[in-house]
Every structure is written in structure tokens, then in C-alpha cells.
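As C-alpha cells, the structure follows; a few thoughts come after it.
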Amino acid sequence: MIKKFLAVLLVFAVFGCGQKKSDSGAEPEVSRKRAIPNAVYGDAVVVSMLGDATGLIYNITSDSASHDVADKIYNGLVRYDKNMNIVGDLADSWEIVDDGKGIIFHLNQDVRWHDGKPFTAEDVEFTYKFMIDDKTPTSYDADFRLVSKFEIIDKYTVKVSYNEPFAPALISWGMPMLPKHLLQGQDVKKSPLLRRPVGTGPYKFLEWKAGDSITLVANDDYFLGRPYLDRYIFRIIPDTATTFLELLNGSIDIMGLSPLQWSKQTDSNPRFTSQYNKHMYLASSYDYVGYNQKKPMFQDKRVRQALAYATPKQDIIKGLQFGLGVEATGPYKPGTVWYNPNVKKYDYNIETAKKLLAQAGYKDTNGDGIVEKEGKPLKFELITNQGNTVRTSICEVLQKSWEKIGVKVDIRVLEWATFINEYINKQKFDAVVLGWNILNDPDLYDVWYSGNCGGQKLNFICYQNKELDEQLIAGRKEFDPQKRKEYYFKAQEILAEDQPYTFLMVPNALVAVSKRFNEVRPAPAGIGYNQEDWWVEKDKQKYSFQK
Amino acid sequence: MAKNRLLGKVKGSYLFYSGLAVVLFFIILAVFAPVIATHDPTAIDLNNIFAAPSAEHFFGTDELGRDVFSRILYGSRISLFVGFVAVGISLIIGVFLGLIAGYFGGWTDIIIMRIVDIMLCFPAFFLILAVIAFLNPSVFNVMAVIGLTGWMGVTRLVRAEVMSVKTRDYITAAQVQGISGRIIMFKHILPNVMTPIFVTATLGIAGAILTESSLSFLGLGVQPPTPSWGNILTAGKDNIMFAWWLSMFPGLAIFVTVLGYNLLGEGLRDILDPKN
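Here it is in C-alpha cells:
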């Protein structure tokens, strides 16, 4: 499933989001149904979220809490498997036709909505029209607007066409499908489905206690076979310290740990070690400092490079992340095919940083410790969101470190909604510490294309570079992975040279999972991708429910 | 002699003395913070984070390796400063409105007191939270908001005192001589209602310090890296299972200071109460 927004607020809470069901192999007709030898039904999994969901229609929400819940309720036509390959979900198979300009999806014929109505091509058409409707408040419409023609071939076959080849097209159909019979002609903002969703997914909605919990129940009629656990319970606990106490208490089953909890508070605590296993893998996200290109001081490349040289990335990873992460050099995850290891690096060097600032014309002429150019001191405000202590600490480390090259920084830590609505969306900031999720498809169009500069858009720092634009456009049209890679390698070189962001780090995902679950197997897709396969032996089951 | 009687009462008041000692102690700490502090309160040492209390770091270090002892010292400056200024603002508004309401009575009184009632309808802390959410969190906004939302008690108190004082013969005498209302209010009435104001102000400082700490704890008060007892506690809360010193010492500082001002206030009340 796609996840594009800045949901990285809850960096700890994001794990394995979006990857569903077991890896089913190549022969869909025979082996897609779930079958784990010896597995039994029963029990439940309890997870925690830092914030309440805003609504449970995936397509029109963009916060990670809503997505984590909705993810269990809906399916798209395709999805990523555990190794991040695209496989069928509601579609059994597909064909790429017309020289890459068309896709024909063959839908599974056994799928039913949670209310019993069959899922058909009409629902796919409805979802497509819903996504491109100007009245739909969604941030995920861009890919669908590129569709030139949508045809229903028969009840279980659809064809989509594009004017020119579009590489991310296939995975864009991982967007959850919505029920036509419940949403047709309705105002989606007032739809009861926002509070009582109806999907096709492995779990059905049961109950939502606002600010307290959301409970899902296993879908007996799920077309890939009922999940083994009876219930999926999301508890809303707005604070990581409290969440950790609940974990030690045994009242939640999965938690994304902070680096501190991981390294200092788990192994030594028998209450933890007796109940949980720890899993660590490189997270699909990175943290960065973004410089608003509309501010004159950040328009000079040398200033951005100087700030990069004066950023002690290694100290940040060692000190704040307890070494649980790696340096980021660009927008891709180290170790993946798209990652270019040979870009310009900015090893911490105060002298080089000072030289670059001097070349850019910044000198401390009045002896106050802050460098000036034409009488204007180099000082700015660095903002970040509340609730992520690592980010706040990063700000403080940067403030101290940049002070050494004569740059004065004021820090402002803002509540999430204010941060996004008043500062980011209105481009009312100088520099920002934030994170992005790294998607499996290398397309960087949304975040880096010049035309996406502006409030509400994802290129909110307004970085505009014609050379980069060319790479991004070409990369979108190219299907051959080898050729595509070249475009994105070049793009990474441009970004590394220009430093519109100072890329900080790719943290590790640190997850504790209750020992009673079987089939927990971390993979490149994270840990939750096969959650429907998790099961618990009868004598170890903790919760039981009446039918 | 009245003066001797007062002195006698001061001597006997343990409340007053212990409160005064605590308050003076923290004022001295705040004033001489740069001299007493063993480290720069904002100096980051990422190789030495969460160090337990030791001879080098009396109160240990925090999540960025900063010295907690020095941070608490500097934090006391913020706390005291906010306490005094916020209470100062409350006093100016409260005393002024109370004097007017009590002295003039009638419609003036009714309108002012209804405004007081309306303001008191809001739970104070939530009102402050709401206002801070609109403004940007900073030391000055915190002081202003605490001051501007804390004057109602003072107004009520001053009004009641003024109403009893203004019926005294010397006020009537002044009025008969044609002295203007303003002069009567400020020269003749105000000095005679100072006693309860003094007590309220002392207790108010304790409240203001506590409010500032709460706001900073919630991230709406003093912004990092400026140390404040409240924002040191925030870091402490996240690590309480493991770095107890981060919660314990700022917590103690708040507790003792607030207790000190309360003792001082109570002590003053006992001493100045003519019935005792």
C-alpha cells in the first residue's frame, strides 16, 4: 500500500505498515488461501497508537494512525510482498499492454464486502472516479489523474490506459478499493463509513471508542482465508513512556521502542525478556533538515553545504539514536537497488564549513559571534514537531553545532496540527527538522519536482532545479529498472551536491513483539506484512471472545 | 507598642522563618547561578548522556549530556522571574480594579465584579492553555498570560477591604474636605489594604511558579534549549524508569520552592492578622 504523507510524526509507531497477508507465491489460483500447518484460531493482538485516528476511509486521510487501522480493513488491487515485490491482492493477475501504456487487471471473483455484497469491476471504477473527483478531499489523486481511459471489460476485468508509459502506475493501484454501493452519490466527508468502515480486508470493524480504542474482528469470509487471531485491537496511549509501562505490564503486544528503551531498558528487565522478543531492521524512513528556498540566505548553495559540513551526523546517530541507525546521504534506503553509495559526502568539518561561509560572503564583522553579509546576520528559526524527543534533541545539537560556525539558530517545537497547517502548509518557516517515509518505488516527483513547490504540496521547501526535474520526469516514464536506476543515481548526485536538505539518518525500526505469537518473521517489508498468519497455541492464548 | 507586638509575633513564627529561609535560598541561587554553576547549562556532550549523579555532575546529566545541576540553577532564574512578573501583572490589574469597584460602588462595581465572575468561570489552567495555543510559547507570553488570568482573586479581596475601609471616619473626613477620589483611593485607602495584598501576592508567586512549570512540562512554556524546571521534568518523564535524577531534582526544586512561598505567605498572614 502506498504511504506518502509526512506521517513520520509517529516514527516509533510506524512498522511494516501496509504490507498484508502471506507471501503467496506465483500460482494464485491454487495457493493464495492461507494455510499454516497446525495453526489454531483464537486470541487477539493489542497494539498501541500515540494518537486517535481521524477517519477510517484510507483514501481521504493522511495520518499514520488512521492508515494503520484502515490498512487492516481494506485491500487494493495489488500490494507489496515481504520482499517488496509487487504481487496481486484483489487482482489475481494483470497484464501490461500497449507498450507499457495500459494495464489489464483480472479481479478475484470470490471477494465480498464486509456487508456481504460482491466486489466487482464497478467498485474499481467507482474508486478511480472517486479519486479524481475534485470534491474528494484526498492527497493521493495525482497518480490517478494520469489515467487517460478507464474501461470495464467484464464484471471481473478492468483496463486502465495512460497517455505515456508511467512507471509507478502499477503500484498506484494498491490504493484501497471503496464500496460503490455505499458511497455512490454520497458526500464522503459526512459518510458514516468514516466511523464504521466497510472494506474487503482481513478484519471487519467492530467498535470505536473515541480517544480510547478501536477494535476490529476477524473476517470469517475473507477471500484469502480468515486470520487466525479473533481480534485486532488498537489502544490509544498518547505517550511513549506510558506505552512502555503498559508493555511491561503485558497489556499490549507490539510496540515500536525508542532507541533508549531498546538499549537500556529491555534486556536487563525480566518483565520484558520473559514476555517479548525484540526485532530490529532498517526503517523505511529518513530524517532531514530542510531549508526553505524562498529565504534569501538559503538560496546560496555554499551556505547549505556549510551547514551540512557543520552537522555532526555520526554524533547524532551515536548519541541520540544509540547507534541504532545509519547516515542518510539521499532520499533512498541504504542497501536497496536505488541507493547510490557514491555521492558527495559531508563529513563533519568545521573548518571547511567556515571556509564555505566566507566564500559566500559571510563574515563576523561586529564581533558578536554571528556572521553577517551586507549587515544581515545569518540567523534563522529551526522548527520541528512536538512528541518526537529525538527530533527535539537533534534541533538542540544542531543549534550548538552551528553556533561554532557563527550561525545563530532559534528553536521552536510545535504541536503537530499547528506545525503542519500554520507553518509547513503556509511555508512560514526558515528551516525544519522532519522525516519522510521511503517508498519502495523510487519516484521522487511529489517531493522534489519544481512544479510541486507550494503550500499543501510536498515540495514545501520549494527546491527548483531543472536538471533534477529532467531526471525525475525521465525516471517516471522508464520501465527498465537498469535504465531507471541511472536517472535516480544522477538525481541523488544532484541532491547531494546541492543539499536542499541535509540528510541526517535512516533510523532502525525497533520493535518488541509478544512471544506468544507464531509466524512472526521480519523481512524487508517490516514485521506486520504477514500479521494475518500469526497464531497462538491454545494453552498460551490470552484473550477469548464470545461469538 | 504595636511595633513591638509585631516583632514579637515575627519571632515566634516558625512558618514565616522557614518560608523566608527557603525563598532567600532560591533567590541567592538564582542571582549567583553563573558563579555556582559547574557547567554551561546548554553545553552538549553526546558522549556522556544519562550519566548518574557523581562528583563531576552533582545531579547527573540529561539526554544530551548536559549538567542537570547547572540547568536547575539557571532554571531557578526563569521560575522566579516568571513568578514575580506574573504576580506583578496580576497585582496591578487586580488592585486597580478592586479599588475602583470598592470605592465607587454602584454600576462600576457591578460591571467589574461581573467581569470577575465571568473570568472565574473558566478553569484557569485551561484558559491559559487555550491562550498560549494562540500565541507562540515564550517566557514573555507565559508571564503575561499567567498575570492576565490571575488577577480576579486580588480584585475581590481588595474590593472587600476597600468597602470596609471607606466607611471609616477618616475617609469621610477626607471626602468632606473635598479631596479628590483618586487621591483618597491611592493615598488613604490603598496603604490600609496592603496587608492582605501582601499575603495574596506571596501565595500567588507559588501558584505562578507551579503554572510555569506545568506549561513548560507540556511544551507550551519556556522553549529549549533554555532550561526551566518544567522542561527538565519533561525529559525526566520519558526516562523515569531509568534516569531517576532527571525527574527527582527538578521535581524537588519545584516542590521546595512552592512550599517555601506558601509557608512565607501563611506566616505573613498569621503575623499580620490583628486577631492573633
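So the protein lines, in turn, are chains A and B. Here the first sequence stands for residues 1 to 547, numbered as in our numbering. Here the second sequence stands for residues 1 to 276, numbered as in our numbering. Note that the Cβ used here is the ideal one computed from N, Cα and C, for glycine as well.
beta-carbon residue i near the ligand ZN non-hydrogen atom, thresh 7 Å
i	result
residue 329/A	Although the ligand ZN was asked about, the structure shown includes no ligands whatsoever.
Residue from the options whose Cα sits closest to the Cα of residue i
i	options	result
residue 503/A	404/A, 334/A, 408/A	334/A
residue 149/B	122/B, 96/B, 171/B, 213/B	122/B
residue 291/A	281/A, 97/A, 304/A	304/A
residue 433/A	269/A, 203/A, 382/A, 191/A	382/A
residue 87/B	209/B, 127/B, 178/B	209/B
residue 137/B	201/B, 270/B, 220/B, 37/B	220/B
residue 186/A	130/A, 165/A, 285/A, 300/A	130/A
residue 108/A	234/A, 91/A, 323/A	91/A
residue 44/B	68/A, 483/A, 394/A	394/A
residue 257/A	44/A, 79/A, 50/A, 539/A	50/A
residue 86/A	509/A, 500/A, 441/A	441/A
residue 144/A	156/A, 170/A, 121/A	170/A
residue 211/B	178/B, 229/B, 199/B, 92/B	229/B
residue 175/A	385/A, 372/A, 158/A, 141/A	141/A
residue 321/A	181/B, 274/B, 46/B	46/B
residue 35/A	319/A, 219/A, 225/A, 482/A	225/A
residue 164/A	449/A, 46/A, 477/A, 153/A	477/A
residue 359/B	179/B, 128/B, 26/B, 84/B	Outside the shown range of chain B (1 to 276) lies residue 359/B, about which nothing can therefore be said.
residue 69/A	121/A, 218/A, 155/A, 233/A	233/A
residue 62/A	211/A, 546/A, 458/A	458/A
residue 48/B	39/B, 42/B, 38/B, 61/B	61/B
residue 147/A	365/A, 138/A, 125/A	125/A
residue 72/A	197/A, 123/A, 346/A, 182/A	197/A
residue 52/A	83/A, 78/A, 236/A	236/A
Rounded straight-line distance, which links the Cα of residue j to that of residue i
i	j	result
residue 74/B	residue 250/B	11 Å
residue 195/A	residue 531/A	23 Å
residue 161/A	residue 150/A	6 Å
residue 119/B	residue 152/B	7 Å
residue 112/A	residue 74/A	11 Å
residue 229/A	residue 253/A	13 Å
residue 323/A	residue 521/A	23 Å
residue 225/B	residue 231/B	9 Å
residue 65/A	residue 213/A	11 Å
residue 24/A	residue 81/A	Confidence in residue 24/A is poor, its pLDDT being 35 and thus under 50, which makes the residue's placement unreliable; the coordinate value appears in the next sentence. Whole-angstrom Cα-Cα distance: 8 Å.
residue 56/A	residue 193/A	7 Å
residue 268/A	residue 89/B	51 Å
residue 411/A	residue 207/B	28 Å
residue 30/A	residue 203/A	Note that residue 30/A scores a pLDDT of 45, beneath 50, so its modelled location is shaky and nothing firm can be said.
residue 116/A	residue 127/A	18 Å
residue 348/A	residue 264/A	28 Å
residue 256/B	residue 30/B	14 Å
residue 43/A	residue 541/A	5 Å
Where residue i falls, given that 16 or more other Cβ within 10 Å makes a residue buried
i	result
residue 125/B	exposed
residue 376/A	exposed
residue 18/A	Bear in mind that the predicted position of residue 18/A carries a pLDDT of just 34, short of 50, making it too unreliable to give a figure here.
residue 140/B	exposed
residue 396/A	buried
residue 492/A	buried
residue 268/B	buried
residue 183/B	exposed
residue 36/B	exposed
residue 456/A	exposed
residue 67/A	buried
residue 55/B	exposed
residue 177/A	buried
Whole-Å CB distance - residue i paired with residue j, under 8 Å assumed
i	j	result
residue 407/A	residue 379/A	7 Å
residue 390/A	residue 398/A	Between residue 398/A and residue 390/A the Cβ distance is about 13 Å, and since that is not below 8 Å, they are no contact.
residue 253/B	residue 28/B	Not really, about 14 Å apart at Cβ, beyond 8 Å.
residue 405/A	residue 350/A	6 Å
residue 162/B	residue 98/B	6 Å
residue 94/A	residue 88/A	7 Å
residue 46/A	residue 105/A	The Cβ separation is near 36 Å, so there is no contact.
query: In chain order, which continuous runs of the beta strand (DSSP E) of length 3 or greater are located wholly inside the stretch 418-504 of chain A?
result: 431-437
task: Entirely within the stretch 299-351 of chain A and at least 4 residues each: give me those alpha helix (DSSP H) ranges in chain order.
output: 301-309, 313-320
Alpha helix (DSSP H) segments (min. 4 residues) lying fully within the stretch 207-254 of chain A: 240-248
query: Taking only runs of the alpha helix (DSSP H) that begin and end inside the stretch 43-117 of chain B, which ones reach a length of at least 4 residues, in chain order?
result: 68-104
query: What are the uninterrupted segments assigned as alpha helix (DSSP H) that are 4 or more residues long and contained completely in the stretch 28-106 of chain A, given in chain order?
result: 28-31, 64-70
message: Which complete alpha helix (DSSP H) runs does the stretch 146-182 of chain A hold, if anything under 4 residues is left out?
response: 169-172
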